[in-house]
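Everything below concerns the one structure shown next.
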Amino acid sequence: MIGLLIYPTHKNLKEEQDRYTAAGIEAEVYPIRSTIETEELSQNCWNKDADGAENMGLPVGKTICTYCDHRDHCLKFGYLADTIRARKATVSLATHQRAARTGLEELIERRHFVGIHENPLPVLRPDVGISAQDLRTAQEFVQTLVSEPFYLNYFGDGTRINELGERYYDEDQILRRRRIYEACLVLADLLDHLDAALNQAESNQTWTPHTTIESPPGLESFLWWALCHSKIFFTEAPWQFLLAALNGQLHAAMVIVVCRYVKGAPQDSVKLHKSVYGIIKNNPPSGRNIWFCDATAEADVLSNLLDGPVFDKTPDGTVPLQQKAVQYQRDITRKTSPRMLVGLIRGLLCKYSDRQRVGIISHSNQLPSLDDLDEEYASRIVMSSYYGSGDERSSNVWHESCDLLLILGTPRIPTETVVEHLIRIGELRAACEPSEWGDIYWHCQTTSGTEIKVTGRGYWNPIWRKAHRAIVRAGLVQAIGRGRGILKNGCDVVVLSTEECGLQVVDDAVPYFPDHLWDFYGQLTNLDATNPINTLYRNVAHNTSEYAKRTGLPERTVQFKLKQLEELGLVHREGPRSGWKLGPNSSAPNSHASNGSNSDNRHANSIAPPDSRPP
């Protein structure tokens with residue numbers, strides 16, 4: 112059977128290609144176009160104009176490839192050759208982005224089976240957009256095209272040059288250029304209409320272009336030539352949106368208005384931030400077997416998008432877990448301090464002292480905090496990634512590399528993302544309604560069997576709350592799934608979040624091992640170095656007063672800290688009146704500085720090594 116499999120990232124495609132190749136099945140990946148040679152990518156494109164066109168949102172095939180001097184070489188050895196090879200393979204592997212931009216109609220072609228893995232919304236409803244700044248830049252540019260003599264002369268010039276260098280008049284060229292001019296007039300009117308809607312909007316409102324036209328042949332290459340001639344650049348990729356609007360391909364569009372606090376201004380000072388967001392309908396062709404392989408997909412939502420029946424073929428019942436997955440009522444946000452995060456990670460690693468290969472998934476700005484971990488704990492972290500990287504949703508190497516997975520925090524999303532999701536699923540009216548953000552409550556069963564009420568965060572509007580929860584919960588559930596808890600070779604998962612994600616909640620508070628306690632513990636473990644006579648220090652019990660005398664701390668403070676270390680399993684007593692001993696989980700640290708001592712290569716196996724982590 113000739114199949115097409117669609118995954119979120121190229122890394123996922125490589126993992127799947129290796130599996131099929133090992134099984135003796137021909138599988139090819141739709142390539143990444145690259146104009147440079149790197150350790151991960153081979154150069155397969157030799158025209159840097161392709162990067163410029165793509166960055167502006169213009170289709171590379173229509174703007175660059177058709178007239179490229181390297182086309183023949185590319186068809187034999189480059190990007191075009193790799194693309195053709197992938198198209199003809201028994202199993203073709205493509206990313207969500209390729210399926211969205213190329214279109215399922217074209218990409219599926221002769222395929223009998225298609226599998227779309229993970230969240231299918233970005234594939235079925237690709238998004239396009241334009242910022243207020245790019246809108247005004249495009250408006251000025253197109254107005255120049257239809258008014259300045261230089262371009263007007265171009266539209267009326269029918270002279271061409273043949274292979275001998277002789278000039279001749281071609282009426283067909285006049286007709287082609289006249290059609291491009293007419294398309295530019297429609298585009299200018301569209302931009303004026305959109306600019307007026309943007310200026311008038313005080314809240315979210317839908318927008319529909321009142322005039323559309325099918326793009327004439329050569330429009331995209333003309334726009335690229337004119338943009339290069341005018342030396343105009345854009346902050347994002349607006350031409351995906353503009354061409355879709357011009358051609359009548361927009362399924363829905365909305366002016367999104369968000370109030371943002373002004374940094375450095377007086378308290379409660381806000382500014383309206385406006386942008387335009389649209390989606391394109393990218394339904395698969397009829398007569399194909401399409402499987403949506405996503406643990407968080409909802410059949411009714413997919414049915415509404417596809418205008419037809421969708422059958423939930425998930426088998427009844429549940430597979431018993433072979434590994435443990437639990438949740439603590441403790442959220443980690445992007446604003447959580449590095450010292451707090453380090454203390455929580457230390458505490459969890461103490462609790463799971465027998466796990467030596469730990470993976471961490473958290474917010475992108477929190478990963479640098481791992482550099483503040485002490486070597487005794489940092490050396491146990493073998494993988495790390497962040498929400499939004501793609502690896503936290505679809506990589507299959509976590510459970511093979513780790514024996515414990517820590518998921519720290521909830522993948523919080525901005526208001527715009529919720530609005531965009533509502534537009535994608537057809538809830539346009541709800542997207543135009545404001546919603547308050549605040550505390551919400553949910554009930555769960557704890558690990559001891561007790562029913563409790565948990566306070567989380569969410570929107571009060573039920574439609575907004577459902578949309579927000581669908582995005583956030585999907586992110587958490589997919590991250591939890593990296594542990595592959597149903598497999599015997601899976602790994603345990605511990606989640607720190609106040610979002611409901613289907614797990615039992617631990618009754619106790621999350622273990623916490625802060626810097627001041629770490630320094631105190633370092634003093635205890637180094638006392639044998641100051642008392643060389645006691646070579647068996649770890650097997651000798653010492654009372655609280657002795658520790659107080661040696662550390663110079665008040666006895667009550669020492670008593671409190673020892674009890675904290677006892678909860679972490681680092682010290683213990685034989686009885687309530689006996690002395691303290693270093694516990695079985697203890698290990699003498701090499702450094703007791705609050706920020707820890709770091710190893711330069713301890714994240715060598717991380718998905719996001721220190722030098723590639725986002726700020």
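Residues are numbered in our numbering as their position in the sequence shown, beginning at 1, plus a constant of 111.
Backbone N, C-alpha and C fix where the C-beta goes; we use that ideal spot for every residue, glycine too.
Because the structure is a prediction, the values reported are computed rather than measured.
{"query": "What's the C-alpha gap between Trp691 and Lys674?", "result": "10 Å"}
{"query": "Are Val225 and Glu137 closer than 8 Å when you measure CB to CB?", "result": "no"}
{"query": "What distance in whole Å lies between the Cβ atoms of Leu515 and Arg584, which are believed to be in contact at a cut-off of 8 Å?", "result": "That belief does not hold up - the Cβ atoms of Arg584 and Leu515 are roughly 22 Å apart, past 8 Å."}
{"query": "Could you give the distance in angstroms between the alpha-carbon of Ile591 and the alpha-carbon of Val606?", "result": "8 Å"}
{"query": "Label Ile443 either buried or exposed according to how many other C-beta atoms from any shown protein chain fall within 10 Å of its C-beta, with 16 as the threshold for buried.", "result": "buried"}
{"query": "Hey, how far is the Cα of Ser705 from the Cα of Gly458?", "result": "Annotation note: pLDDT 37 at Ser705 (below 50); position unreliable, no value reported."}
{"query": "Should Phe224 be counted as a contact of the ligand COA given a C-beta to heavy atom distance under 7 Å?", "result": "Within the structure as shown, the ligand COA is missing, as the structure has no ligands at all."}
{"query": "By Cβ distance, which residues of its chain are closer than 7 Å to Thr132, with the 5 residues on each side in sequence left out?", "result": "Ala138"}
{"query": "Fully enclosed by the region 484–572, which beta strand (DSSP E) runs are 3 residues long or longer?", "result": "492–497, 515–519, 548–556 and 562–570"}
{"query": "So which of Asp238, Asn123, Ala307 and Ser242 has the shortest CA-CA distance to Trp509?", "result": "Asn123"}
{"query": "Here's the rule: buried if 16 or more other CB atoms are within 10 angstroms of the residue's CB, otherwise exposed. What is Phe422?", "result": "exposed"}
{"query": "Which same chain residues, not among the five before or five after Tyr280, have their C-beta less than 7 Å away from its C-beta?", "result": "Gly269 and Thr270"}
{"query": "CA-CA distance, Trp350 and Trp571?", "result": "36 Å"}
{"query": "Contact criterion: CB-CB distance below 8 Å. Does Lys660 meet it with respect to chain B?", "result": "Looking for chain B here will not work: only one protein chain is present."}
{"query": "From the DSSP secondary-structure annotation, give me the bridge partner or partners of Gly206.", "result": "The identity of residue 206 in the sequence shown is Thr, whereas the question assumes Gly. For Thr206, which the question treats as bridged, DSSP gives the partners Tyr118."}
{"query": "So the candidates are Leu452, Ile143 and Ala581; which of them puts its Cα closest to the Cα of Pro622?", "result": "Leu452"}
{"query": "Which runs of the alpha helix (DSSP H) fall wholly inside the region 115–198 and span at least 4 residues, in chain order?", "result": "121–133, 160–167, 171–174 and 182–188"}
{"query": "Which of the three DSSP states is assigned to Pro725 in this structure?", "result": "For Pro725, the predicted model reports a pLDDT of 34, less than 50, meaning its position is unreliable and no value from the coordinates is stated."}
{"query": "Going by DSSP, name the residue or residues bridged to Thr201.", "result": "Answer by DSSP bridge pairing: none, since Thr201 is not bridged."}
{"query": "Which full runs of the beta strand (DSSP E) of 3+ residues lie inside the region 234–264, going along the chain?", "result": "238–242"}
{"query": "So Tyr388 is in the beta strand (DSSP E); what residue range does that whole segment cover?", "result": "Val381 to Ile391"}
{"query": "Assign Asn712 to one of three DSSP states: helix, strand, or coil.", "result": "Model confidence at Asn712 stands at a pLDDT of 37, short of 50, so the residue's coordinates are unreliable; what they give is reported in the following sentence. The answer is coil: DSSP assigns Asn712 none of H, G, I, E or B."}
{"query": "If we call anything under 8 Å between Cβ atoms a contact, is Leu218 one with Tyr118?", "result": "no"}
{"query": "So, does the region 608–623 touch the region 466–481, judging by three or more C-beta pairs under 8 Å?", "result": "no"}
{"query": "Could you tell me which of Asp485, Ser512 and Arg278 sits nearest to Gly594, measuring between CA atoms?", "result": "Ser512"}
{"query": "On the DSSP bridge assignment, give the partners of Phe728 in chain order.", "result": "Residue 728 cannot be examined here, being either before or after the span of the chain that is shown, 112 to 726."}
{"query": "Would you decide whether Lys342 is buried or exposed? Buried here means 16 or more other CB atoms lie within 10 Å of its CB.", "result": "exposed"}
{"query": "As a quick exercise: from Ser490, Thr346 and Ala652, pick the residue whose alpha carbon is nearest that of Glu685.", "result": "Ala652"}
{"query": "According to DSSP, which residues form a beta bridge with Ser473?", "result": "Tyr497"}
{"query": "In angstroms with no decimal places, state the Cα-to-Cα distance between Gln434 and Gly601.", "result": "7 Å"}
{"query": "With burial defined as no fewer than 16 other Cβ atoms inside 10 Å of the residue's Cβ, what is the status of Gln244: buried or exposed?", "result": "exposed"}
{"query": "Going by DSSP, what residue range makes up the beta strand (DSSP E) through Ala652?", "result": "Per DSSP, Ala652 belongs to no beta strand (DSSP E) and is neither H nor E."}
{"query": "Cα separation between Leu215 and Pro395?", "result": "5 Å"}
{"query": "Thinking just about the alpha-carbon of each residue, which of Tyr439, Ala356 and Trp336 is nearest to the one in Val239?", "result": "Ala356"}
{"query": "If the criterion is Cβ atoms closer than 8 Å, does the pair Arg290 and Pro327 meet it?", "result": "yes"}
{"query": "Going by DSSP, what residue range makes up the beta strand (DSSP E) through Thr270?", "result": "Thr270 to Ile272"}
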